[in-house]
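Residue numbers (the working numbering), protein chains in the order written: chain A, 1 to 289; chain B, 290 to 578; chain C, 579 to 867; chain D, 868 to 1156; chain E, 1157 to 1445; chain F, 1446 to 1734. Backbone N, C-alpha and C define an ideal beta-carbon position, used for all residues, glycine too.
There are 6 protein chains.
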Amino acid sequence: MFKHIKELQYNAKPTKPDPVYAKKLQEILGGQFGEITVMMQYLFQGWNCRGEQKYRDMLLDIGTEEIAHVEMLATMIAQLLDGAPAKEQDAIVDQNPAVEAVLGGMNPQHVIVSGLGAKASDSVGYPWTSRYTIASGNLLADFRANLNAESQGRLQAVRLYESTTDPGVRDMLSFLIARDTMHQNQFMAAIEELEQNQKPIVPSTFPQELEKQEVSYSFMNFSEGEESAQGRWATGQSMDKQANFEYIANPEAMGQVPNLNQAPAYIHDTPIPGQTSPKADSASHTQNN
Amino acid sequence: MFKHIKELQYNAKPTKPDPVYAKKLQEILGGQFGEITVMMQYLFQGWNCRGEQKYRDMLLDIGTEEIAHVEMLATMIAQLLDGAPAKEQDAIVDQNPAVEAVLGGMNPQHVIVSGLGAKASDSVGYPWTSRYTIASGNLLADFRANLNAESQGRLQAVRLYESTTDPGVRDMLSFLIARDTMHQNQFMAAIEELEQNQKPIVPSTFPQELEKQEVSYSFMNFSEGEESAQGRWATGQSMDKQANFEYIANPEAMGQVPNLNQAPAYIHDTPIPGQTSPKADSASHTQNN
Amino acid sequence: MFKHIKELQYNAKPTKPDPVYAKKLQEILGGQFGEITVMMQYLFQGWNCRGEQKYRDMLLDIGTEEIAHVEMLATMIAQLLDGAPAKEQDAIVDQNPAVEAVLGGMNPQHVIVSGLGAKASDSVGYPWTSRYTIASGNLLADFRANLNAESQGRLQAVRLYESTTDPGVRDMLSFLIARDTMHQNQFMAAIEELEQNQKPIVPSTFPQELEKQEVSYSFMNFSEGEESAQGRWATGQSMDKQANFEYIANPEAMGQVPNLNQAPAYIHDTPIPGQTSPKADSASHTQNN
Amino acid sequence: MFKHIKELQYNAKPTKPDPVYAKKLQEILGGQFGEITVMMQYLFQGWNCRGEQKYRDMLLDIGTEEIAHVEMLATMIAQLLDGAPAKEQDAIVDQNPAVEAVLGGMNPQHVIVSGLGAKASDSVGYPWTSRYTIASGNLLADFRANLNAESQGRLQAVRLYESTTDPGVRDMLSFLIARDTMHQNQFMAAIEELEQNQKPIVPSTFPQELEKQEVSYSFMNFSEGEESAQGRWATGQSMDKQANFEYIANPEAMGQVPNLNQAPAYIHDTPIPGQTSPKADSASHTQNN
Amino acid sequence: MFKHIKELQYNAKPTKPDPVYAKKLQEILGGQFGEITVMMQYLFQGWNCRGEQKYRDMLLDIGTEEIAHVEMLATMIAQLLDGAPAKEQDAIVDQNPAVEAVLGGMNPQHVIVSGLGAKASDSVGYPWTSRYTIASGNLLADFRANLNAESQGRLQAVRLYESTTDPGVRDMLSFLIARDTMHQNQFMAAIEELEQNQKPIVPSTFPQELEKQEVSYSFMNFSEGEESAQGRWATGQSMDKQANFEYIANPEAMGQVPNLNQAPAYIHDTPIPGQTSPKADSASHTQNN
Amino acid sequence: MFKHIKELQYNAKPTKPDPVYAKKLQEILGGQFGEITVMMQYLFQGWNCRGEQKYRDMLLDIGTEEIAHVEMLATMIAQLLDGAPAKEQDAIVDQNPAVEAVLGGMNPQHVIVSGLGAKASDSVGYPWTSRYTIASGNLLADFRANLNAESQGRLQAVRLYESTTDPGVRDMLSFLIARDTMHQNQFMAAIEELEQNQKPIVPSTFPQELEKQEVSYSFMNFSEGEESAQGRWATGQSMDKQANFEYIANPEAMGQVPNLNQAPAYIHDTPIPGQTSPKADSASHTQNN
């Protein structure tokens, strides 16, 4: 169960309206790595958690914080929209191309659909979808998803910080960026803890002798030229400490040339010359009736 | 540019048809962490790469390999569909509930739409979407995305391995699982290399003094009870070695109570008693014409 | 079955082309509450109607009218696009930022994809989806959906009316707005009629003694502060006249602390220290083959 | 800002696992009228609210409650999945068609993707999308959306109640159904309050003389036969008390026969015999370079 | 404008209910090549038509017919759902695995969401989307789209015919299949007519000297082995009669090795060792404030 | 299996950056008829091919070429983005409306999400979806899909050619346009070959006596006025040479007036006055527990 506190977690006050920037800021509200994604991701990971209680609690704590971040961004966007020159004729009367540019650069749904309110969409107006949410039941896998989400999310917040000079917006972003610093640290810590308790390859519980082990540590070079041999991934001990990396400069195909069976007549794929006619078959269906 | 080799990278031959399993196997072909996702993700990361050439080459090598995995899975699924009892009346004539069950468990589009061919969809028939593809231009962020994708992907392949006893299917999966072992190792190695060249917090280039540093290392407990204090993320040195973790048992709101301005009249939000009538305004529009 | 009449239901002629406005007008053609939505919603409600014939007929009458509204909007948009400065070089030669702004503000698919034709998309280019369509089989529920659709739709049409000064566009919108006035009235009338024949809570046929009646009339205050106590919903007789509203200032949790079972080994969730190894289990699968 | 309470708002404990029912129950978690929809809808309406404070508070109170309903459903679904016979060979060994039927009837992503956890999807596995969320800035419009959502939602919960005999599941549903009774009452009360303060036609602030008033109260019969004349919507005073309903048995077209201009040459639509060749035009582009 | 006729265009009466088949039949109602697609496609092509009037009229005639097909399919599906054993306990009481299989094979939304009504979705429950609709403004291109749609549509209807023995369903399908025969013929005729008036390559109005003509008639073999040389496309006169086909057994790359510029500092892509620090740049932003 | 060649198939070098054009060019990368669509379509048709080997090989050859086209477009777009004025303040400082216009006209995700890289989306930012991919198993049907895709694709490339004067972009487009010329020719040739081996109506294997032959060659005029009678489709021999076209000026309805059964009580549709109360029924459920 949840309770709402009326104050925001941190201030969300722009210095002046900026409806074009409001459109951009939607990315970290309703985009693939926006706050709705991490909110839903951590809450669902917590609710589905079948592991130790401390993980469930940690996930629900951070998921609950992310609801507050959604709230901050929605509040900020609504205020950035305050000055929307929604009346086209204002621009026309003024013959002011800059105003017209603003109109062109806005998300039109901010006027027509939400009436100067935030939407749960990204910066191109694409709606948030739960396919962004990752919750597999395997915590090591999911903490890697979370570390990625916090990395992509902080990167996007920084790019948005660079795209404005509004001190109020930057102040709010500096808070979100700092929390992303913590959250990257947090999931790195959780990953380290889990990797020490189990093997680092997810899932650690699958018996490795059941996999095709001769290709488990081979980098395969599928191009001419071998620049890809220069990385850490091509030589030395593997990261799971089970073997050494191997570089295969010219990987060979190990499988068959595919040769599919003809489809049965009732599928009506392309007839092949010489095939038995499916006509009799279809006719018999009718006679059954 | 690309060339096609007619042999598969590894064998993809089921021992017998199994159209219900074909539906499930679609998950690692066209699902969020299926082979189409990693194929597109690594190719786009490579094509967009503005970093060192070895990263571009590595990404395009592995992306090219993933096209071959898509090919293997498509071939396998087409063969698993060979025995589809597509004619409903066969089941009815037989009064055989097991056959009926198979019909109920199949993806109907495997008969009606693709004519016993694989589709670029997941196990519930949802189409693959490029919103699954992650390519940010920041390699450390993206390699974390890749490590996650290989973790989720191997987990799903293992669950599918557990869901069949067909030796041919298991043989193919044992190959894909082994490659996922390599690919998890590979991206762990690439991450380690990058983290040694830059700070581990993405993006490492944003000056940390610009973020709200008092909350950069604090775990905030947004629930009653403190199970979440027991993890590595709540105490000790932070993973980026810049500070120590702090546990805040009762985080306080630091922001304002939001109070939005009334919308301008031409937005036609809810009128508030005492507000100036917007009627005059609308009427004047007409007089302008 | 349907017949087409070549005249439009009402005039749809802009005074001059305006490709930026064409993009906006798409919202009430292909958006969530655009004419395609109500067309499909009323037609499907009519075709699925298992109630009295007068409801089916009414729904199909209005659904048929909405096809004509789709036609009017498509025709209007095609004409608004007539003057699209599709050739980028015209703007460049002119060094005319206003023209460039127009180019930036257009929907590029109006040139590239539809060749100056209307699309079945909304104002941000998102395609119409049938998930917008509501048809539940329960007419009281669905008439509430319809009243909502006509309310949102008229609101959006009014906002678009405010966003243009073109007399031809305003003339067409004044017709659509008037029809929305009628359609709001119409569904209010139909709702009143149904509410008088049955109880107003949907579905009226579920025996109320089967619901948890102690919470059926309680407003629960999930925040500090009690502004929410000031509304009609917090005191007085309930709208269904079965009880009085009750305001619960501090709602208590009534449920358990969730505690999920560990997943079976073949799911390969996070291993918990001390758990039986799943290795033997997986190995036995192989021995089965 | 939000806080999490570890107890559920109400019990969510099934008597026994039922993975096929888990798939169905997803509808009221992640479907169009599931708890995620109302949670997001009320929170966004509250955060975007520019009206009186009591409406904002009421919306955030109920939105916060809906997060708790999402939590209850996720917890219930995870437990219903406990007994999933995820290993196909169990069914095969048993030659038990009922077990096979269960496998066919499950959502395969409950095993492969979420590892026996709830997903933010509906009963056919379609992901939740924010296009379900309605928040227009006009409270009367939005309260009608909310009344509809609570009507559709209660109807679906009742149908799910009828589809199980599990006492634990029914107990939880009896709570949700009761809350939907309250929430229908609540939004009916809020609507009544707003309709008394303003005119009932949304938006009430648009001057009615600007709409095409001769069609504002006419029911138009777009079919042969006049069953649709029998309803309250066809005769008597209109619901907004501004006029009387009128029934038009044979509505006439009032608009033009559309006749679109030919597209400019650079659009490359179908050439019409006799049209000036666009070739010269394209060639001149090249000469510009 | 449109009028509704209460009779269906052709009978749509099943002999007995079959809710599993109802799920499958959704494919040709709401799938990619279902009747909604062709209805919307022909109507939008007609409304957007800037060519000769006879094409507009033909498109609107057939689009209007397709609304009637949507109506027939919706009516059929509602009747197929009549016998849905929606009450799970019936199956449980009976211990009848066939009934359980039916439940597993149904689309659960046919009970929970639409209350035994048709939905505008396909056979896996995926909603119809307007991205299926093709209308480019170029009639030759679009008539090819239409010929394809009628080919895919008839193929799917035939597969569904083969999947049932119900005489009523087959009777309706025999009508739709016959109309698809006509519609394939119709668009083949329209294509022939247009190809005789213009060149067959779409768009015919682009000056061919502006394309890279040395590759305009070459089949490029991107694999080892030359089975692809055996087709009509590899030798002989080209279909547009402008040249002869050429078979290139070993196509060479004609382009550059890509080498992208480093991103500017404010994008925060991966830093490259030796790069100027972006720190000063970000700091200066702050000083601007 | 596949191999990567580091050179592009053809040059992809813009003369200067143009981030607004980069947004438009996305249409033929990730749009409905972009290169990703044809890549996936031909590869899946090839992998699923159950026909003669020459068709499989041809499809995989062209599918492999299309991967190279995706690569060229991604490379081009990344370079067009080079000059993105991502820092908003540059525009503000300059008070330069043209720069502001560029910012408004860009796809904001090109900065925030992909860091100046191409995305697998279309020109309005909508993600590529596999529902664009057509692969039915019937080659004649699919070659018609392919001819359509190459027609729509070439049309869009030509419109984009007209929308730029950049010689480097035009050079690349001239190559893609030429390849589309070949690919239209190629599929026209393949269609001719298949139509000579089988009847032209897809699927040719369905016995025509099973379809409702009296409507197989009739054009039905669903409007007043007979402009549609002027086309080739209304008179003369049908294209499949089986009959003559017939023009039906006033098509009559041939079907029933639909009349659906009342839904069973547990569906809770609208109650009809006089219906048996469903209350007893629901109560008995409870007694079962």
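Presumed contact (8 Å Cβ cut-off) between residue i and residue j, rounded CB distance
| i | j | result |
| --- | --- | --- |
| E:E1370 | C:W625 | Rounded, the Cβ-Cβ distance is 56 Å, inconsistent with contact. |
| D:I1058 | D:L1014 | 7 Å |
| C:Q834 | D:K880 | 7 Å |
| E:A1493 | E:D1298 | Only positions 1157 to 1445 of chain E appear in the structure, and residue 1493 of chain E is not among them; the question remains open. |
| B:K295 | E:E1380 | 7 Å |
Chain-ordered neighbours of residue i on chain C, where CB pairs are closer than 7 Å
| i | result |
| --- | --- |
| E:Q1265 | Here the premise fails: no neighbours, minimum Cβ distance about 11 Å. |
| B:V447 | H846 |
| A:I28 | In chain order: nothing, as chain C lies at least about 18 Å away. |
Residue i, DSSP secondary structure in three states
| i | result |
| --- | --- |
| C:I755 | helix |
| E:S1277 | strand |
| A:N259 | coil |
| F:G1693 | Residue 1693 of chain F is actually Ile in this sequence, not Gly. The answer is strand: DSSP assigns F:I1693 an E or B state. |
| B:M528 | coil |
| A:A129 | Reading off the sequence, residue 129 of chain A comes out as Thr, not Ala. Strand at A:T129. |
| E:M1376 | strand |
Neighbourhood of residue i by C-beta distance below 6 Å, restricted to the same chain and skipping five residues each side
| i | result |
| --- | --- |
| F:D1535 | Confidence in F:D1535 is poor, its pLDDT being 47 and thus under 50, which makes the residue's placement too unreliable to answer from. |
| A:I248 | S218 and M220 |
| E:D1174 | L1236 |
| A:H110 | L81 |
| B:T304 | D455, P456 and G457 |
Neighbour list for residue i in chain E, Cβ cutoff strictly below 7 Å
| i | result |
| --- | --- |
| C:S782 | Under the 7 Å cutoff, chain E gives no residues; its nearest Cβ is about 14 Å from C:S782. |
| A:L155 | H1424 |
Cross-chain neighbours of residue i in chain A, by beta carbon under 7 Å
| i | result |
| --- | --- |
| B:F511 | D61, T64 and E65 |
| C:I850 | G51 and E52 |
Own chain, CB closer than 7 Å to residue i, minus 5 neighbours either side, in chain order
| i | result |
| --- | --- |
| C:I645 | M617 |
| B:D558 | A552 |
| F:G1476 | D1567 and S1568 |
| C:E804 | A827 |
| C:I850 | Q840 |
Beta-carbon contacts of residue i that lie in its chain and below 8 Å, excluding the five residues immediately before and after
| i | result |
| --- | --- |
| C:F800 | P829 |
| E:W1389 | F1375 and F1401 |
Partners in chain F for residue i, counting only beta-carbon separations shorter than 7 Å
| i | result |
| --- | --- |
| A:S123 | P1553, Q1554 and I1557 |
| E:S1372 | A1623, T1626 and M1627 |
Contacts of residue i in chain D (Cβ-Cβ under 8 Å)
| i | result |
| --- | --- |
| C:T653 | P1125 and L1127 |
Closer than 9 Å at the beta carbon, the chain E residues around residue i
| i | result |
| --- | --- |
| D:S898 | It is worth fixing the name first, because residue 898 of chain D is Gly in this sequence and not Ser. Ordered by position in chain E, the residues that pass the 9 Å Cβ test against D:G898 are Q1265, I1268 and V1269. |
Chain E residues whose Cβ lies nearer than 8 Å to that of residue i
| i | result |
| --- | --- |
| A:E227 | Result: empty, since nearest Cβ-Cβ is about 11 Å, beyond 8 Å. |
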